[in-house]
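The numbering of the sequence shown is numbering that gives the first Met the number 0, which starts it at 0 and goes up by one.
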Amino acid sequence: MLTILFDGIAYGMLLFVLAVGLAVTMGLMNFINLAHGAFAMTGGYITVLLMQRLDVPFLACLPIAFVGTALLGAVLERTLYRPLYRKPHLDQVLFSIGLVFMAVAGVDYYVGSTQQIMQLPQWLKGRTEIGSLGMGHYRLFIIAVCAALTIVLQFVLARTRFGSRLRASVDDQRVAAGMGINVNLVFLSTFAFGSGLAGLGGALGAEVLGLDPSFPLKFMIYFLIVVAVGGTSSITGPLLAALMLGVADVAGKYYIPKMGAFIVYSLMIAILLWRPNGLFVRQGGKA
């Protein structure tokens with residue numbers, strides 16, 4: 000049970016990094032970006048192709064995946080996403096779903112539909128046994144990296160001037176602009192950072208989750224579950240939701256494999272019946 004709990008926590012932390020950018024764009028920017036998984040796939044393919052074709056070390060690929068995906072997010076935000084900020088949510092959903100299918104088709108055409116293999120460094124392979132607890136080295140690495148990212152992200156959003164400007168821009172763009180805040184630059188930076196986090200999550204998760212052109216469609220529902228259950232008003236909610244989802248998914252597949260993802264969906268339904276707006280909502284919002 001300890002090993003299952005450990006693997007579930009690692010899986011949950013990975014899901015959190017993959018989904019937190021979507022939580023930021025939905026909760027703070029009020030934009031529904033269902034193409035978020037395509038940015039995660041981009042980071043995964045950047046890492047895999049750099050390692051396979053150029054022999055770039057794994058640790059060097061991680062920041063490259065983050066920066067490359069963030070730059071892609073910045074370009075798309077400036078050219079495609081920005082005109083849709085004030086459009087109805089249905090338009091945003093249809094637009095981002097269209098981007099997903101374009102990304103899937105593009106990767107399938109240029110890279111191929113086969114599952115990608117990523118060779119981890121030797122020091123990330125293997126397992127350490129402590130009593131009845133078996134800890135995979137790579138999963139331990141994922142937990143450490145994702146925990147550090149969570150702390151940094153929470154600090155940036157809650158304690159820095161940029162976080163204050165972002166919240167002000169979301170609450171009232173006109174007033175924020177009148178106070179001298181460059182709202183467009185704030186949104187651009189936020190979207191790029193969220194895209195970069197998705198790319199980093201895709202790079203970290205390529206070995207655990209698998210990587211093929213169907214990645215954005217395969218894990219879209221998991222990202223939405225994390226955001227819907229956790230709420231979009233803070234980082235704590237999606238983190239807790241991702242951990243619950245990870246542990247429930249790993250335990251369910253181990254103990255009751257025939258039920259598949261039924262346990263995850265049952266847990267989601269139960270939580271949303273109890274807290275329709277998610278585990279954490281903004282002060283003054285509906286409980």
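Glycine is no exception: its CB is placed at the ideal position from the N, C-alpha and C atoms.
- Residue environment analysis places Ala39 among the buried positions, since at least 16 neighbouring C-beta atoms fall within 10 angstroms of its C-beta.
- Pairing Ile180 with Ala191 gives a Cβ-Cβ distance that is not under 8 Å.
- Residues Phe38, Thr41, Gly42, Ala64, Phe65, Thr68 of the same chain have their beta carbon placed closer than 6 Å to that of Gly198, with the five preceding and five following residues left out of the count.
- Shown here for Gly195: same chain residues with a beta carbon closer than 6 Å to its own, the five before and five after excluded, namely Phe65, Thr68, Ala69 in chain order.
- Here DSSP, grouped into helix, strand and coil, assigns Arg77 to helix.
- Classified as buried, Gln91 has 16 or more neighbouring CB atoms from the shown chains inside 10 Å of its CB.
- Using a Cβ distance threshold of 8 Å, Ile234 and Leu156 count as a contacting pair.
- Taking a cut-off of 8 Å on C-beta distances, the segment 210-217 touches the segment 104-117, as three or more cross pairs fall below it.
- The continuous beta strand (DSSP E) containing Thr127 extends over residues 126-129.
- Linking Gly251 to Ile262 through their CA atoms gives a straight-line distance of about 6 Å.
- Here DSSP, grouped into helix, strand and coil, assigns Met101 to helix.
- Just measuring C-alpha positions, the residue of Pro256, Ala202, Leu184 sitting nearest Met28 is Leu184.
- Among the bridge pairs identified by DSSP, Met25 is matched with none.
- In the same chain as Ala9, and ignoring 5 residues on each side of it, the C-beta atoms closer than 7 Å to its own belong to Arg138, Ile141, Ile142, in chain order.
- Within the same chain, Thr24, Ser95 come within 6 Å of Asn32 by CB-CB distance, once the 5 residues on both sides are set aside.
- In the DSSP annotation of this structure, Gly277 is not part of any alpha helix (DSSP H), being labelled neither H nor E.
- Note on geometry: alpha-carbon atoms of Tyr108 and Arg158 lie some 44 Å from one another.
- Listed in chain order, the non-local C-beta contacts of Leu13 below 7 Å within the same chain comprise Ile141, Cys145, Gly200, Leu203, Gly204, Val207, local neighbours out to five positions each way being set aside.
- In this structure, Val225 lies away from Leu271, with their beta-carbon atoms at least 8 Å apart.
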